[in-house]
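**Student:** To start, I am sharing the structure in question, which I have written as structure tokens.
In this note's numbering, the protein residues as written are 19 to 330.
In structure tokens, the structure reads:
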């Protein structure tokens with residue numbers, strides 16, 4: 019049984035804890051206001067501009083950019099043939115298009131200035147003018163598939179194809195909340211995917227799934243990651259087949275942005291191979307693919323270029 023003195027000490031301690039908790043609760047809104055006024059991201063790098071959510075990707079890591087270039091050059095030297103046409107493009111993070119908000123952003127222009135001279139044997143496809151803030155989801159880092167016509171035009175102009183956008187029909191899903199909404203509250207938005215005779219005819223061989231799949235996995239719309247609708251989400255190695263397309267092949271070294279781009283190219287290439295070196299060691303590639311005369315596209319986002327140690 020506690021003595022009266024012990025009871026008084028316990029009550030005093032409880033009062034202190036309660037006061038501290040109330041102070042913390044009162045401080046949180048003030049901290050949010052201070053961060054908004056000083057244009058500082060929160061502890062997770064997140065911030066809000068109007069109804070859009072963004073993440074600060076940090077300062078430019080020049081060593082990572084150099085390592086990324088070295089990785090691409092080594093892949094070309096070790097695996098490709100003189101008949102492989104090789105292209106590269108970097109997807110700007112959407113925060114770069116909101117730089118006038120005053121929040122810190124990864125310097126995409128400086129990243130490109132550092133990277134470009136280090137890839138002299140590959141053809142660059144600039145995407146900066148093909149995108150703007152409306153090209154991206156409000157609640158997610160990814161680009162919106164239905165906004166990618168300027169991107170396919172830019173790629174097609176360099177690589178020699180023309181996507182027939184008139185063949186696409188839009189399909190919608192209401193209530194999409196992207197990955198950023200896990201860290202900041204947000205209103206849902208719409209997610210669209212584009213179908214055509216080419217996407218309907220295409221089949222996908224995914225090394226992580228025993229059976230062939232379609233390019234769109236609509237069951238994923240009800241999952242925790244609805245963006246995985248596109249090509250069933252992340253996977254090390256997969257191949258899209260469309261027997262009705264021109265007899266040529268494309269290999270895309272990619273991150274998740276290519277998941278929504280690749281279906282748009284189903285009518286231009288009979289075979290599209292997607293390789294994600296975040297999940298696969300490059301030394302294993304000869305076991306899965308032989309390079310001959312394919313078109314090769316390195317398509318990566320700012321985030322991967324600036325954290326390129328993740329590429330194996």
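Note that CB positions come from ideal geometry on N, CA and C, so glycine has one too.
Closer than 8 Å, CB to CB, is residue 286 near chain B or not?
**Tutor:** The structure shown contains no chain B; it holds only a single protein chain.
**Student:** So who's on the other strand from residue 64, going by DSSP bridges?
**Tutor:** If you number the chain shown from 1, residue 64 lands on position 46. Paired residues: 73.
**Student:** Taking only three categories from DSSP, how would you classify residue 292?
**Tutor:** Here residue 292 refers to the residue found at position 274 of the chain shown. Strand at residue 292.
**Student:** For residue 103, which three-state DSSP category applies?
**Tutor:** Numbered from 1 along the chain shown, position 85 holds the residue referred to as residue 103. Residue state, collapsed to three classes: strand.
**Student:** Give a yes or no on whether the C-beta atoms belonging to residue 105 and residue 141 are separated by under 8 Å.
**Tutor:** Indexing the chain shown from 1 puts residue 105 at position 87. Indexing the chain shown from 1 puts residue 141 at position 123. In contact: residue 105 and residue 141 (Cβ atoms closer than 8 Å).
**Student:** Please tell me whether residue 258 and residue 237 are closer than 8 Å, where the distance is taken between their beta carbons.
**Tutor:** Along the chain shown, one-based indexing puts residue 258 at 240. Along the chain shown, one-based indexing puts residue 237 at 219. No, the pair does not count as a contact, with Cβ atoms beyond the cut-off.
**Student:** Need the endpoints of the alpha helix (DSSP H) that residue 162 sits in, please.
**Tutor:** Here residue 162 corresponds to residue number 144 of the chain shown, with the count starting at 1. Unbroken run through residue 162: none, as it is neither H nor E.
**Student:** Closer than 8 Å is the cut-off here; do at least three beta carbon pairs connect the region 193-203 with the region 99-116?
**Tutor:** Short answer: they don't touch.
**Student:** With a 10 Å radius around its C-beta and 16 neighbouring C-beta atoms as the bar for buried, classify residue 302 as buried or exposed.
**Tutor:** In the chain shown, the residue the question calls residue 302 occupies position 284. So residue 302 counts as exposed.
**Student:** Mapping DSSP to helix, strand and coil, what is residue 276?
**Tutor:** For the purposes of this step, residue 276 is taken as the residue at position 258 of the chain shown. Looking at residue 276 - three-state DSSP - the assignment turns out to be helix.
**Student:** At what residue ranges does the region 208-270 contain a whole run of the alpha helix (DSSP H), taking only runs of 4 or more?
**Tutor:** Listed in chain order, the complete alpha helix (DSSP H) runs (minimum 4 residues) inside the region 208-270 are 215-219.
**Student:** Determine the closest residue to residue 213 out of 249, 230 and 178, with distance taken between C-alpha atoms.
**Tutor:** Here residue 213 is taken as the residue at index 195 of the chain shown, counted from 1. Measuring from the Cα of residue 213, the nearest candidate turns out to be 249.
**Student:** With a Cβ-Cβ cutoff of 8 Å, do residue 209 and residue 186 count as a contact?
**Tutor:** Residue numbering aside, residue 209 sits at position 191 when the chain shown is read from its first letter. Residue numbering aside, residue 186 sits at position 168 when the chain shown is read from its first letter. Contact flag unset, no.
**Student:** Assess contact between the region 122-138 and the region 160-170, defined as three or more Cβ pairs (one per stretch) separated by less than 8 Å. Is contact present?
**Tutor:** At 8 Å Cβ cutoff, the stretches do not touch.
**Student:** Can you tell me where the beta strand (DSSP E) with residue 189 in it begins and where it stops?
**Tutor:** Here the question's residue 189 lines up with position 171 in the chain shown. Run containing residue 189: 187-194, per the beta strand (DSSP E) assignment.
**Student:** With three or more beta-carbon pairs closer than 8 Å as the criterion, would you say the region 138-154 touches the region 256-275?
**Tutor:** No, because fewer than three Cβ pairs between the region 138-154 and the region 256-275 fall closer than 8 Å, the two stretches do not touch.
**Student:** Under the three-state reduction of DSSP, which class applies to residue 170: helix, strand or coil?
**Tutor:** Counting from 1 along the chain shown, the entry for residue 170 is found at position 152. Correct three-state label for residue 170: helix.
**Student:** Give me the residue from 234, 138, 304 and 244 with the minimum Cα distance to residue 293.
**Tutor:** Residue 293 sits at position 275 when you count from the first residue of the chain shown. Looking at the Cα atoms, 304 is the closest of the given residues.
**Student:** Three or more beta-carbon pairs under 8 Å between the region 87-94 and the region 165-180, yes or no?
**Tutor:** Because the criterion of three Cβ pairs below 8 Å is not met, the region 87-94 and the region 165-180 do not touch.
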